[in-house]
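> Numbered continuously in my numbering, the first sequence closes out at residue 648. We treat Cβ as the ideally placed atom computed from N, Cα and C, and that holds for glycine. Only a predicted model underlies this, so the values are computations on that prediction, with no experimental measurement involved. Would you mind keeping the following structure in view while I ask a few things?
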Amino acid sequence: MGAYSGWVHRIHELINHWYRNHARQLPWRSAEASPWAIMVSEFMLQQTPVNRVLPVYTQWIARWPEPADLAAEPLSEALIAWGRLGYPRRAQRLHAAAVEITRSHGGKVPGTEAELRALPGVGDYTAAAIACFAFGEPTVVVDTNIRRVHARLFGGAALPEPHPRASEFRRAREVQPSDRHTANLWNISVMELGALVCTARSPKCDECPVFAQCAWIAAGRPEPHYTPKGQSWAGTDRQVRGEIMAVLRHSPEPVPAASFLEDLTGAPAAEYTGLQKLNAPLEQRQRALAGLIQDGLAMQSETLVHLPR
DNA sequence: GAAACGTGGAG
DNA sequence: TCTCCAAGTTT
């Protein structure tokens with residue numbers, strides 16, 4: 340903690356107290372949520388809003404309550420159950436992680452950051468989050484919500500830097516409560532504050548428990564010093580990949596590769612969901628399909644394409 | 001380190 | 001309508 344430990348301690352109290360009174364009731368926060376359930380939620384929540392995760396999460400946990408349950412299934416089942424959550428490689432990596440946990444960790448999610456970090460699809464954030472939320476470790480959790488709260492509250496800036504800097508993680512460690520239990524609560528409390536109050540656009544400062552302590556408020560709420568560059572989407576390979584995956588998820592049988600590659604203009608009504616949307620240039624459709632196969636999200640045997648088993 | 005990687009709700 | 005953005009990871 341540093342020279343301003345007393346001041347930061349007051350902020351710990353205010354934000355943690357706010358969390359106790361305002362936190363959402365989410366299934367992965369219940370006392371019954373297993374480490375595996377929490378791990379599943381963390382995978383699904385990567386770059387994906389809570390409201391869209393909720394229904395998929397519930398069905399996933401009911402169907403595969405332990406890592407070994409998922410590990411026993413072919414990858415195709417995970418990809419289908421993932422539905423339209425987006426970034427299907429997360430489902431692929433979650434499946435791979437379940438296999439690894441079953442094989443090397445006795446079927447139990449490991450409890451240390453280092454062990455978690457070694458699993459497929461688990462980066463610095465997810466390892467810290469699982470260790471904290473599932474095992475009570477006082478790790479330093481840094482996600483997009485926490486980065487934004489720190490940038491405003493401690494940094495006086497409207498937004499964090501486009502790319503995380505080393506100084507951000509140093510500051511996160513400095514403001515971390517020294518007490519184990521307080522630190523554990525702090526991680527989720529700051530994240531929730533960022534999600535509900537200290538939001539990216541139009542933050543609800545009148546509801547903020549640390550309004551009086553906020554450096555951004557004190558500075559007069561200056562504008563961001565950069566303009567975020569939007570994520571391109573229309574016409575990208577990602578869009579075409581998504582459409583191909585949608586077809587494969589809905590098709591009970593392998594799909595002729597030609598149906599993805601041939602010119603669909605004027606073709607009879609598509610046999611598979613979404614197929615008629617595949618109006619991208621031939622070269623792009625070829626590239627997207629090849630990419631999916633390269634990434635192990637699809638397989639091709641002879642002229643047929645199917646989900647990987 | 002930049003770029004790629006899905007999807008759909010909100011403003 | 002269109003842009004922004006949501007509990008990131010991997011190459």
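#1: For G595 and V395, I'd like the C-alpha separation in whole angstroms.
#2: In the structure shown, what three-state DSSP assignment does V594 receive?
#3: Look up M638 in the DSSP assignment and give the residues it is bridged to.
#4: Pop quiz: T642 and A597 are said to be a contact at Cβ under 8 Å. What is the actual Cβ separation, rounded to whole angstroms?
#5: Mapping DSSP to helix, strand and coil, what is H356?
#6: Between which two residues does the alpha helix (DSSP H) holding H520 run?
#7: Spatial neighbours of Q578 within its chain, please: CB distance less than 7 Å, with the 5 preceding and 5 following residues excluded, ordered by chain position.
#8: In angstroms, rounded to a whole number, what distance separates the CA positions of A554 and P561?
#9: Going by C-alpha distance, which of L455, E381, S506, L524 is nearest L353?
#10: Distance check for E601 and Q633, CA to CA, integer angstroms please.
#11: So, using beta-carbon positions, are S517 and Y358 closer together than 8 Å?
#12: Tell me whether the beta-carbon of Q431 lies closer than 8 Å to the beta-carbon of L621.
#13: For L628, report the span of its alpha helix (DSSP H) as first-last.
#14: Counting only runs that start and end within the stretch 445-490, where is the alpha helix (DSSP H) found for 4 or more residues in a row?
#15: Any contact between the stretch 411-431 and the stretch 362-379? By contact I mean 3 or more CB pairs, one from each, below 8 Å.
#16: Please tell me whether A511 and P477 are closer than 8 Å, where the distance is taken between their beta carbons.
#17: Please classify A342: is it buried, with 16 or more other beta-carbons within 10 angstroms of its beta-carbon, or exposed?
#18: According to the neighbour-count rule (16 or more other Cβ atoms, all chains shown, within 10 Å of its Cβ), is E515 buried or exposed?
#19: Given this structure, state the Cα-to-Cα distance separating H348 from L498, to the nearest angstrom.
#20: Who are the Cβ neighbours of A468 in its own chain at under 7 Å, not counting the five residues just before and after it?
#21: Excluding sequence positions up to five away, which residues of its chain have a Cβ less than 7 Å from the Cβ of R626?
#22: Any idea what DSSP makes of R429, helix, strand or coil?
Let me lay it out:
#1: Working through the first sequence from its first residue, we reach residue 595 at position 256. Working through the first sequence from its first residue, we reach residue 395 at position 56. The sequence given here has Pro at residue 595, not Gly. Counting only the Cα atoms, V395 lies some 29 Å from P595.
#2: Mapped onto the first sequence, residue 594 falls at position 255. It is a strand residue.
#3: Walking along the first sequence from the start, residue 638 turns up at place 299. As computed with DSSP, M638 is found in a beta bridge with H645.
#4: The residue you call residue 642 lines up with position 303 of the first sequence. The residue you call residue 597 lines up with position 258 of the first sequence. That belief holds up - the Cβ atoms of T642 and A597 are roughly 7 Å apart, short of 8 Å.
#5: One-based indexing of the first sequence puts residue 356 at position 17. The answer is helix: DSSP assigns H356 an H, G or I state.
#6: By one-based count along the first sequence, residue 520 stands at place 181. Here the alpha helix (DSSP H) through H520 covers 519-535.
#7: Sequence index remark: in the first sequence, residue 578 carries index 239 (1-based). Excluding residues within five positions, the ones whose Cβ falls inside 7 Å are W572.
#8: Taking the first sequence and counting its residues from 1, one reaches residue 554 at position 215. Taking the first sequence and counting its residues from 1, one reaches residue 561 at position 222. Between A554 and P561, the C-alpha separation is close to 10 Å.
#9: Taking the first residue of the first sequence as 1, we reach residue 353 at position 14. Nearest C-alpha to L353: L524.
#10: In the first sequence, the residue the question calls residue 633 occupies position 294. In the first sequence, the residue the question calls residue 601 occupies position 262. Going from the Cα of Q633 to the Cα of E601 covers about 20 Å.
#11: Here residue 517 corresponds to residue number 178 of the first sequence, with the count starting at 1. Here residue 358 corresponds to residue number 19 of the first sequence, with the count starting at 1. For S517 and Y358, no; Cβs fall outside 8 Å.
#12: Within the first sequence, numbered from 1, the residue matching residue 431 stands at position 92. Within the first sequence, numbered from 1, the residue matching residue 621 stands at position 282. Taking 8 Å as the Cβ cut-off, Q431 and L621 do not qualify as a contacting pair.
#13: Walking along the first sequence from the start, residue 628 turns up at place 289. Annotation for L628: the continuous alpha helix (DSSP H) segment containing it runs 621-633.
#14: Fully enclosed alpha helix (DSSP H) runs of 4 or longer: 452-456, 463-474.
#15: As far as the Cβ criterion goes, the stretch 411-431 does not touch the stretch 362-379, which means the pair count is below three.
#16: Here residue 511 corresponds to residue number 172 of the first sequence, with the count starting at 1. Here residue 477 corresponds to residue number 138 of the first sequence, with the count starting at 1. 8 Å or more divides the Cβ of A511 from the Cβ of P477.
#17: As a first step, residue 342 must be located in the first sequence, where it is residue number 3. In this prediction, A342 has a pLDDT of 49, which is less than 50 and means its spatial position is unreliable; what the coordinates show is noted afterwards. Under this definition A342 is an exposed residue.
#18: Taking the first residue of the first sequence as 1, we reach residue 515 at position 176. The displayed chain sequence assigns Gln, not Glu, to residue 515. In this structure Q515 is buried. Its beta-carbon is surrounded by 16 or more other beta-carbon atoms within 10 angstroms.
#19: Reading the first sequence from its first residue, position 9 is the one you call residue 348. Reading the first sequence from its first residue, position 159 is the one you call residue 498. If I take the Cα positions, the gap works out to 23 Å.
#20: As a working note, residue 468 is residue 129 in the first sequence. E381, V480, listed in sequence order.
#21: Locating residue 626 in the first sequence gives position 287, where the first residue counts as 1. By the criterion of a C-beta distance shorter than 7 Å, R626 is surrounded in its chain by D576, once the five residues flanking it on both sides are discounted.
#22: Walking along the first sequence from the start, residue 429 turns up at place 90. Assignment of R429 by DSSP, reduced to helix, strand and coil, places it in the helix class.
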